[in-house]
Structures are given as structure tokens and as C-alpha cells.
Amino acid sequence: MISRWWGALRRRQTERTLARRAIPDELWALTLARFPFLTRRPAADQQKLRELATLFLAAKEFAAPEGLEVSDEMAVAVAAQACLPVLRLGLSWYDGFVGIFMHPDAVQVRREHTDEIGVVHEYEDTLSGEAMEGGPLMLSWRDVADAGESAEWGYNVVIHEFAHVIDMRDGVADGIPPLPDRAARERWAATLQAHYDAHCADVDDGIETLLDPYGAEALDEFFAVASEAFFVAPGDLRAEHPALYELLAGFYRQDPAAET
Ligand SMILES: [Zn+2]
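Take 11 as the starting number for the sequence shown in our numbering and just add one per residue.
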């Protein structure tokens, strides 16, 4: 009884948010026009994406350093891209965090790494985005804004970071998102590992790869990089790595290459 009441209440809240905080037509049209990989989607998907983006904006909080104001245009650009991977899975996959920190550009950070014999190495790292378990999530606005052009080489910082969020949903960043059962996990691990090994070999050999060479860093990065290509360059991914495409299509329950 309680759960039925709760469900009805939540549905009413959702409807109210969709009605009151709907993304204005003009702003939505501008957002779609900016990102061709969204324009290519069927009208029904675009409508669903707009609703999810509205609910996303109502649930998340944006922040920025002094000197950068997060405009509606910026927030919608992030929301529309972030909601693409969960178009069929649902927004609850992003329940684990609230804050999104926008930097004007990529940021330089100091990193420390202790090697096997205990020597600490310090180095500079350039970040266009970062996702941590429990958030907040960090994004470089320049990279977000350029996503229309960078889709040509399969690059998308928003999808990359939100793929990490999806991967970490089970508490571990290992390239294996929560899956229904053990058989699915085993199949996933085997397929991902095989493609990862081949990708690392290509990168080592200096071969130009469709997937970002950064994916050779680790399995979780490979999953994030493959997800970027899946959503912004789906036809290329399907042509070059059909089994990997198939795996991601099954998980995300989407077939974006069918529309290209
Ligand atoms: Zn990453």
C-alpha cells in the first residue's frame, strides 16, 4: 500500500517537474543542432532525451569557479549528452551523486604514484573531466562545447565521464557495469578484455585506432572510450569492432548505428 502510494507520489512529482521545468523549445533545438549525434536520433528518442534532461537538471547541481557562470545553455548541453547513455536504462543510474563542477577548460593537476618498489613519482596530468564514486563530477566546458566537432574522431568527454559513473554503480571501476547475472558478467569480461588487449597492441605498434589510445590505460578507461565511440561514431564502431558494438548495444539497449 505504502509503496503504491509512494510510486503515485513520485509519478506526480515527475510530471510536475516535466511541466514546470521543461527545457524551452528554442534552447532544445539549439542543443540538438550543436550535437549531430543527437540530431540523428529518431524523434521519439529525442523527446525521451528531452524529458530525461529536464529531470536531470532538476536533480543535479552545477558549480563553477569564479569567473565562469553556468548558463542554461551550458547546463542543457551537459544534460542532453549525459542522458544519452541512460536513455533506456533510466536516470536512477546517476542517483549516486549530485554535484557537477564545470571548469572553463582542461585543468592541470599534480598526481602522485607509488611504484612497486615504493618510489613516489610526481607528475602533471591534464584533465578534461573526472568522475569519482559518490561525485562530484568534473567537466571542462571547452571540451563539452566542442563535442559536435570532436564526434568525428569519436571523442566525447560527457559520455566518457558518465560511462565511468555507470561502471562504478557497483562500487568498482573495472569496466564491468552492474549486469543481470554471472553469465552476463563473464561474457562481458571476456569480450571487453579481448578488445582491450587488441587495442593495447595496436597502440603499442603505433597503429592509428578508431578508439582513443587513452583507452589503453586500463579496462575502465577502455569501457569509457568505447562508450564514447558507441554514441558519437556508432557506424564506425560497428564496422570496425562488431562484437564490441553488439556488447554495448545489448547493455545500453540502443542501436545508434541503425540511424546512421
Ligand atoms: Zn576516464
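We put the beta carbon where it would ideally sit given N, CA and C, even for glycine.
Any non-hydrogen atom of ligand 1 within 8 angstroms of residue i CB
i    : result
A234 : yes
H131 : no
D184 : no
D230 : yes
M208 : Reading off the sequence shown, one finds Ala at residue 208, where the question assumed Met. Result no, Cβ not under 8 angstroms from ligand 1.
A141 : yes
E170 : Here the sequence assigns His to residue 170, which means Glu is not the residue at that position. Checking the Cβ of H170 against ligand 1 gives yes.
H174 : yes
Expected contact under 8 angstroms - CB spacing of residue i and residue j to nearest Å
i    : j    : result
V167 : G139 : 4 angstroms
R31  : A68  : 5 angstroms
L37  : V80  : Incorrect: roughly 14 angstroms between the Cβ atoms, too far for contact.
L149 : I186 : Wrong, their Cβ atoms sit about 24 angstroms apart, outside the cutoff.
Y165 : D222 : 6 angstroms
T24  : L65  : 7 angstroms
Y241 : F47  : Residue identity check: residue 241 is Phe in the sequence provided, not Tyr. Their Cβ separation, rounded to whole angstroms, is 6 angstroms, which keeps F241 and F47 in contact under 8 angstroms.
V108 : G145 : 6 angstroms
Q264 : R50  : About 12 angstroms; that fails the 8 angstroms criterion.
L94  : I169 : 7 angstroms
L220 : A239 : 6 angstroms
Y255 : A268 : Not quite, the Cβ-Cβ distance comes to about 11 angstroms (not below 8 angstroms), so this is no contact.
E171 : L147 : 6 angstroms
G181 : E143 : 7 angstroms
G225 : V235 : 3 angstroms
For the region 121-136 against the region 211-222, are there 3 or more C-beta pairs whose distance is under 8 angstroms? no
Measuring CB atoms only, is the region 102-118 touching the region 173-180, in the sense that at least three cross pairs come out at less than 8 angstroms? yes
Would you mind listing the beta strand (DSSP E) stretches within the region 39-75 that are 3+ residues and don't spill past its ends, in chain order? 71-73
So, does the region 52-70 touch the region 231-251, judging by three or more C-beta pairs under 8 angstroms? No, they do not touch.
What alpha helix (DSSP H) runs, 4 residues minimum, are completely inside the region 223-262? 229-242, 244-250, 252-262
Pairing CB atoms from the region 145-160 with CB atoms from the region 111-129, are three or more of them under 8 angstroms? yes
At which residue ranges does the region 60-148 contain complete beta strand (DSSP E) runs of 3 or more residues, listed in the order of the chain? 71-73, 109-113, 117-124, 130-137, 139-141
Segments of 4+ residues assigned as alpha helix (DSSP H) that fall wholly inside the region 160-216: 167-177, 192-214
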